[in-house]
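Encoded as structure tokens, the structure appears first; notes follow it.
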Amino acid sequence: MIALLEPILLLAGLMMIVSGLLLYGVRTQDWRSLMVFWRPTVAFQAREYFLYKLGITVMVIGLFARLYNHLGFA
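Residue numbers (our numbering): 334 to 407.
Written out as structure tokens, the structure reads:
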């Protein structure tokens, strides 16, 4: 079960992160800020920030599932 859940969580998290960034890009038309993400020029709205942080959280859970699966607990 964990082996199936792992790629689903990783892909779902990646899709949430990309959708949050795309929402920001479409709203502001500031695509350059997304390319140089180490500069603090991105000002997310609440929905964009929520999707971005939720995507990171889901990806971390997916990484823990991967670790759990590969250490032989499953």
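From the three backbone atoms N, C-alpha and C, an ideal C-beta is built for every residue, glycine too.
Small disclaimer: the values here were computed from a predicted structure and weren't measured.
| Check | Outcome |
| --- | --- |
| Here's a check: name, in chain order, each residue in its chain whose Cβ is nearer than 8 Å to the Cβ of L347, leaving out the five neighbours to either side. | G388 and M392 |
| For W364, which residues from the same chain have a beta carbon less than 8 Å from its beta carbon, with the 5 sequence-adjacent residues on both sides left out? | G358 |
| Work out the CA separation of L367 and L355 for me, nearest whole Å. | 9 Å |
| Do you know offhand how far I340's Cα is from T361's? | For clarity, residue 340 is Pro in the given sequence; the question names Ile instead. Distance between the alpha carbons of P340 and T361 is about 32 Å. |
| Helix, strand or coil for R365 per DSSP? | helix |
| For M334, which of helix, strand or coil comes out of DSSP? | coil |
| Buried or exposed: L400, going by 16 or more other Cβ atoms within 10 Å of its Cβ? | exposed |
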